[in-house]
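**Student:** Residue numbers (the UniProt record's numbering): 1 to 1124.
From the three backbone atoms N, C-alpha and C, an ideal C-beta is built for every residue, glycine too.
All values reported here derive from a predicted model rather than from experimental measurement.
1) Where does residue 918 sit, in a helix, a strand or coil, going by DSSP?
2) Count the other CB atoms, across all protein chains shown, that sit within 10 Å of the CB of residue 185; report buried if there are 16 or more and exposed otherwise.
3) On the DSSP letters alone, give me the boundaries of the beta strand (DSSP E) that residue 504 sits inside.
4) What's the call for residue 743, buried or exposed, on a 16-neighbour Cβ count within 10 Å?
5) Assuming residue 696 and residue 740 form a contact by the criterion Cβ under 8 Å, report the distance between their Cβ atoms to the nearest whole angstrom.
6) Under DSSP, the alpha helix (DSSP H) around residue 581 begins and ends at which residues?
7) How do the stretch 762-771 and the stretch 367-387 stand: do at least 3 beta-carbon pairs fall below 8 Å, yes or no?
8) Alpha carbon to alpha carbon, how far is residue 564 from residue 459?
9) Would the beta-carbon of residue 817 fall within 8 Å of that of residue 404?
10) Grouping DSSP H, G and I as helix and E and B as strand, with all else coil, what is residue 178?
11) Identify which residue in 274, 318 and 397 has its Cα closest to the Cα of residue 206.
12) Can you check which of these residues, 189, 357 and 456, is closest to residue 430 by C-alpha distance?
13) Given 8 Å as the limit, is there contact between the stretch 926-934 and the stretch 878-889, that is, 3 or more CB pairs closer than that?
14) What do you get for residue 656, buried or exposed, if any count of 16 or more other CB atoms within 10 angstroms of its CB means buried?
15) Any contact between the stretch 757-765 and the stretch 795-807? By contact I mean 3 or more CB pairs, one from each, below 8 Å.
16) So which of 218, 167 and 195 has the shortest CA-CA distance to residue 179?
17) Looking at residue 971: is its Cβ nearer than 8 Å to the Cβ of residue 938?
18) In angstroms with no decimal places, state the Cα-to-Cα distance between residue 1058 and residue 497.
19) Within the chosen definition, does the stretch 816-832 reach the stretch 891-909 through at least 3 CB pairs nearer than 8 Å?
20) Determine the DSSP secondary structure at residue 241, reduced to helix, strand or coil.
21) Residue 192 and residue 199: beta carbons closer than 8 Å?
22) Please determine, among 535, 747, 698 and 353, the residue with the shortest C-alpha to C-alpha distance to residue 501.
23) Does the beta-carbon of residue 619 have 16 or more other beta-carbons within 10 angstroms, so that it is buried, or is it exposed?
24) Based on the DSSP output, what are the partners of residue 574 in its beta bridges?
25) Could you compute how far the alpha carbon of residue 702 sits from the alpha carbon of residue 417?
26) In this structure, does DSSP put residue 906 in helix, strand or coil?
27) Look at the Cβ atom of residue 794, then the Cβ atom of residue 836, and state whether they are nearer than 8 Å.
28) If I follow the unbroken beta strand (DSSP E) through residue 658, where does it start and stop?
29) Spatial neighbours of residue 171 within its chain, please: C-beta separation below 7 Å, excluding the five flanking residues on both sides.
30) Within its chain, find whatever has a CB closer than 6 Å to the CB of residue 534; leave out the 5 residues flanking it on each side and keep chain order.
31) Which residue or residues does DSSP assign as beta-bridge partners of residue 963?
32) For the candidate residues 438, 337, 630 and 690, whose alpha-carbon lies nearest to that of residue 491?
33) For a test of the three-state rule: what should DSSP assign to residue 310, helix, strand or coil?
34) Considering only their Cβ atoms, is the gap separating residue 615 from residue 440 smaller than 8 Å?
35) Here's the rule: buried if 16 or more other CB atoms are within 10 angstroms of the residue's CB, otherwise exposed. What is residue 176?
36) Skipping 5 residues on each side, what residues in its chain have a beta carbon closer than 7 Å to that of residue 708?
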């Protein structure tokens, strides 16, 4: 059927449907008649269909004939069972409100409809099988089909010839529209990826995996988002696009039906779903349903392949699909058969608990860094955005700035300091381009400061292309750190060197005088646990401090830095993996009167922060003595004239370098990120004292960078029970790159000093995290009265408990990017509660909204500003962020949207205990969780949390926030939760190396003969300097590493109390803790099994210390293999 399309006709892109209606829960039978009867029915139906000459649409009711079953070729009159509970509403009795509607195609001569059996299988409960067979469509050109749609449903395994062998496809002679993965080519089951550079066909079947249908897998992995139907399909070549705005993003599209007619239209979820409802009230907007359900396109639009088609198709795994997608980037014409010539990838060597030598350490981490770098580069470069409207303005520094808003897609992640390239293209050629750095992001509008504005087009109608610039700086510096660790013995002390490798060297202590009064003016008084942490950190060359939420890590760290400065052992280097954490610590340190400099990367010098006045690039502006007077003149001239001569530019650059060097020399503390610690401006400095905050959020190679600046005293502050490093590449994460150095050292037996008094949360809010994640050790430093707002009159379900879990069973949906999820009903509930909070007197700054999914973050942000009852400016000021973004921060009230609500796909991110710990511990005054309790309760940890809320009378449900009642869901009894323990794997080669090195007695000091054997530098080029590990000298007042036992240490180093604890503690031989294998065979298997048992024990996480540990002072005893 051909028709001409016009812009006006495109607005009439609506769909007449018959048979299955909305199709949300349409099901078809697993008990169908044999194949011959099905084919007979189909042929009879086809003949009737072909006899039709006119077409009309009218709604009609149908009744099911008892025992009537239909085959795969039948047309069905399935009723729509739209579950109102799906959208979060229930009637007074708690029963689901359903309404059924069916549509028939009425032809001029006959009515012909088949009805499917209502029986269902377990799989159908997941919503995979939507059997909407009778669909007529009116597209953008007012298409009208004169017949019903030929629908061949999936054949059940119990039908006919399922068990018979079928002839596979001839894969060498497949039609052009065959699925590029599996070869299925039924025109009703395949769609085309309509992106210009792709054009491949894929089926709507899931094949042998359950990750999603083949078309959905391709769309997600390739980041393509548009599809086209086959011209010979029942719906012909109808364009799949939004009725209102013509958006073709399949992940945004859904359908709504008319209230009075048997007609449907396609609408995008954002922004048209809300905007269109205002314009036209004849559509059932509340019944909007996404075209993608359970990671497949709805069956009425694109059929699921029949079982016989699956049997004939190619069996392709998820791993092969990944490889094929990667191959297409390099060779677009590649096919599945080409995968056989690809060299099998070698599995990545996992990180170890202990390392034989620095060469092994480098050989394991370097490939993982490269893997993550390659993935990060590919990801950044794939985010190019086209057709972006840009406006220009000038900043206070008179530099041109570009302002723009990206499409509302959740896979785009930007932060101030990122570099982008702005391009203007005409006729396929770049006419103008400039790089720039993001200086700020306000209300989703990005401000890009341009490096070169000459020739920039100013026409407001021009559209630009924006490319992401990938920089390898951080990855290069991590690789550099690995090389330095292997070659340069001056980069860190002997003791720390061997501790990082995992050797069980005897504990050493630093000669220092600990002051009687540890608290610092300008900071809060230290509690008992903080004092213990400061004391032990000052005398321990490698110290771990664990700071659970709200326990004052920043105050403790600042106090430590102050006392380190007073020791006059040189400059102190303070680092953290994120700029936000560095800024916070810089501000605190400055409040004590210490000379502190905040050094940031060049790319972030234009990004404003609350410590700008302490930053290196700002402080040089105030130097005017001597040669720096000329520097100020040149800076002023450049600001006035916007340019300097080449000679003047060189002069200014050199004068700035000298000014930076002078400021850094006079500083007592230098604060920067871990990666920036290798900045060339710090090249001439050595830092014997290094403190790393938020150390559990940095990868091990990242943490290594500041340590290799000459460290002899290292303090790591963090919490391994909260979120670890963010690794984009799953393969690298699986191999252990997502493991922080802090956590590995804990596994090695270095017991962290735990801070145990929390000052953030209402005592009710701290109870569950304390008992679950910290063995009940957290104490409350504040009372309930301290966490009550007198003027806030919101009625909590339990009046004295400011928390609740709002249960709803609305369904999750795939977000606009195809890689995340959202839940519209939860977003509606969040907006309703936020509005009530604001009405009750809270300010936007007091409210924080957390969600694990970027898709939900984007949807909540746009929905509140678009549909909120109050002024949109109020909602703009409310922070909506991921769990990761909120780590280390707090808000008065936290709203957590869980999003996940399905019966089959699991709960994803929510299954991470550390992520849950962070989410639950951000709130000071009140916490509200939105989620599907039925789904979440299937997981033990969430079941425990839900039991806690229910026992407290805080598990509720209801149609609105102001009309809640106790939830009647039945939960399993809570079970004892054991925090995940990361297993470190020692490969067979590594184990052999340990055995050859005679290290069966792990707790013993390392003999010099073994140290010589471990000296990998003998394997380096002869031109490189040879350094013997055995000759590394003790430094920084440490007691001799290998020659002096603890009992022989000078008593003057310890206080009387410490001497008492020290003399009473004995070294622990870890060999005793390893289970011996009782059945050793003659062929040596017993030895291997014993080693494997030892490795397993090494991989177990130790519980952190409590107050009793401080009393016994076990920290000062020999750590050994970690069996304290």
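**Tutor:** Walking through what the data contain:
1) Correct three-state label for residue 918: helix.
2) Buried, by the Cβ-count rule.
3) Segment: none, residue 504 is in no beta strand (DSSP E) and carries neither H nor E.
4) Residue 743 is classed as buried because its beta carbon has at least 16 other beta carbons within 10 Å across all chains shown.
5) That pair is a contact at about 5 Å.
6) Secondary structure note for residue 581: its alpha helix (DSSP H) is the uninterrupted segment 579-590.
7) The stretch 762-771, when compared against the stretch 367-387, does not touch it at the 8 Å Cβ threshold.
8) So the two alpha carbons sit approximately 58 Å from each other.
9) No, the Cβ-Cβ distance between residue 817 and residue 404 is not below 8 Å.
10) DSSP, reduced to helix, strand and coil, places residue 178 outside both helices and strands of the structure shown, so it counts as coil.
11) For the set 274, 318 and 397, the Cα lying nearest the Cα of residue 206 is the one of 318.
12) Looking at the Cα atoms, 456 is the closest of the given residues.
13) Three or more Cβ pairs closer than 8 Å define a contact, and the stretch 926-934 falls short of that threshold against the stretch 878-889.
14) Buried, by the Cβ-count rule.
15) Taking 8 Å as the limit for Cβ pairs, the verdict is that the stretch 795-807 does touch the stretch 757-765.
16) The option with the nearest alpha carbon to residue 179 is 218.
17) Taking 8 Å as the Cβ cut-off, residue 971 and residue 938 do not qualify as a contacting pair.
18) Because the pLDDT of residue 1058 is 39, which lies under 50, any placement of that residue in the model is unreliable, and the number read from its coordinates should be weighed accordingly. Cα to Cα, the separation comes out at about 26 Å.
19) Judged by Cβ distances under 8 Å, the stretch 816-832 makes contact with the stretch 891-909, as three or more pairs qualify.
20) Residue 241 falls in the coil class under three-state DSSP.
21) Annotated as proximal: residue 192 and residue 199, with beta-carbon spacing under 8 Å.
22) Relative to the Cα of residue 501, the nearest Cα in the group 535, 747, 698 and 353 belongs to 353.
23) Label assigned to residue 619: buried.
24) Bridge partners of residue 574: 671 and 691.
25) Taking C-alpha positions only, residue 702 is separated from residue 417 by approximately 19 Å.
26) Note: residue 906 maps to coil in three-state DSSP.
27) In contact: residue 794 and residue 836 (Cβ atoms closer than 8 Å).
28) In the DSSP annotation of this structure, residue 658 is not part of any beta strand (DSSP E); the continuous alpha helix (DSSP H) holding it starts and ends at 646-666.
29) Apart from sequence neighbours up to five positions away, the residues of its chain that approach residue 171 with a beta-carbon distance below 7 Å are 183 and 314, ordered along the chain.
30) Excluding residues within five positions, the ones whose Cβ falls inside 6 Å are 518, 559 and 560.
31) 960, per the DSSP bridge assignment.
32) Residue 690 holds the alpha-carbon nearest to the alpha-carbon of residue 491 among 438, 337, 630 and 690.
33) Helix.
34) No, the Cβ-Cβ distance between residue 440 and residue 615 is not below 8 Å.
35) Residue environment analysis places residue 176 among the exposed positions, since fewer than 16 neighbouring C-beta atoms fall within 10 angstroms of its C-beta.
36) Counting only Cβ-Cβ distances below 7 Å, and skipping sequence neighbours, we find 481, 484, 485, 491 and 492.
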